[in-house]
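What follows is a single structure, written as structure tokens, with notes after it.
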Amino acid sequence: MRFYTLPILAACVNTVLAGVKFTAPAAGSNAPSGTMTVKWEEDDTSPSIDQLTTYTIQLMVGGNKEGTDALPIAVLTTKGTFATGNSFQGTVQSTLAGPTKNGYYIKMMAVAKEGGQMTYFSNRFNIPTMTGTTPAVYAQGAADVSGTSDVPDTIDAVSNAAAGGAASAAADAGAYTVAPALQTGLTKYAPMQSIPPTKITVKNYSPIYPTSPYTIATTFLPPAKQVTTMTQQQTFSVSSMENTAAAQANPTDDLAKFLARWKD
């Protein structure tokens, strides 16, 4: 199955814990492929929409565990702004996946003015006119959920955000969660590099990230658009201390004589 960046579909979100309530496509409804209208409204909880600035949106398919049984099949926008209104109309290519029942939902990462970000998830909906194929693991993930409102919990990273440049950092953080094959623009974003453990205990190995789709070139390809890759800043840290143990004395007796043989 090929994954493409959608021309848009900037949209929004719901959740009982959030300041944004997703209203269209409605829970359990049949949304069209091609042109899709997405709408949202103010919820009664914090933060309110006027406390949010920009957002990144992905179209998800599958269950509730991203990277395990759920997959962002398209990046709808990485630079949406709440100032442009509470609706957006975009295009969904029908070949992205199959008509998985209640398999689709929207993930939004919204940056707050005070710093940090909120991650919202819409209710589940259908896109019955999809003509592609949903990989079995993601189709099973969608089949295992208990209803249209069974989506990941809202993630509140605003309350714990540090003062100062946290809003900018949160905006950058959202870009690093997008699969490389789905990224567009002049900059590619690579996730934080993992730190090797002190012991290897895993017996069965599996890739950390899903494989990227590819097409074998049969003619000369155009130059790559990307000019640089940014890797997410490492949060792992170590501390060190002075070794106060006395230095070992030089060898004596036979070993000292042996070493002396090699002096010039």
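Count the sequence shown with mature numbering (1 follows the signal peptide of the UniProt record, and there is no 0) and you get residues -18 to -1, 1 to 246, in order.
Even glycine gets a Cβ: it sits at the ideal position worked out from N, Cα and C.
Only a predicted model underlies this, so the values are computations on that prediction, with no experimental measurement involved.
In the structure shown, Val119 falls within a helical segment according to DSSP collapsed to helix, strand and coil. As DSSP reads the structure, Asn12 sits in a beta bridge with Asn108. Distances from the alpha-carbon of Ala121 to those of Thr201, Lys83, Ile109 and Asp32 put Lys83 closest. Per DSSP, the beta bridge partners of Ile88 are Leu41. Per the C-alpha coordinates, the member of Thr35, Pro7 and Tyr171 positioned closest to Gly67 is Thr35. Taking 7 Å as the cut-off, the Cβ atoms of Val57 and Val160 count as close. When the beta-carbon positions are compared, Pro110 and Asn46 stay at least 7 Å from each other.
Linking Gln99 to Ala92 through their CA atoms gives a straight-line distance of about 5 Å.
Buried is the label assigned to Thr59, since at least 16 other Cβ atoms lie within 10 Å of its Cβ. The three-state reading of DSSP puts Thr73 in strand, counting E and B together. With distances taken between CA atoms, Tyr86 lies nearest to Leu41 out of Thr63, Thr73 and Leu41. Residue environment: Ala52 is assigned as buried (16 or more neighbouring CB atoms within 10 Å of its CB, all protein chains considered).
In the structure shown, Phe218 adopts coil according to DSSP, grouped into three states. Residue environment for Asp25: buried (at least 16 other C-beta atoms within 10 angstroms of its C-beta). Put simply, the backbone Cα of Ile88 is about 16 Å away from that of Thr17.
Sequence-distant Cβ neighbours of Pro7 in its own chain, meaning closer than 6 Å and more than five residues away, are Ala13 and Phe107.
The alpha-carbon separation between Val220 and Pro233 amounts to approximately 34 Å.
According to the DSSP assignment, Ala79 belongs to no beta strand (DSSP E), since it is labelled neither H nor E. Here Ala79 really is in contact with Val43; their C-beta atoms are around 5 Å apart, less than 8 Å. Listed in chain order, the non-local C-beta contacts of Thr211 below 6 Å within the same chain comprise Lys170 and Ala172, local neighbours out to five positions each way being set aside.
In the DSSP secondary-structure assignment, Gly62 is bridged to Tyr37.
In the DSSP assignment, the residues bridged to Phe103 are Lys89. CA-CA distance, Ile182 to Met174, rounds to 20 Å.
The residue from Pro179, Pro54 and Phe202 with its alpha-carbon nearest to that of Pro117 is Pro54.
For Phe4, the enclosing beta strand (DSSP E) covers residues Val2 to Ala6.
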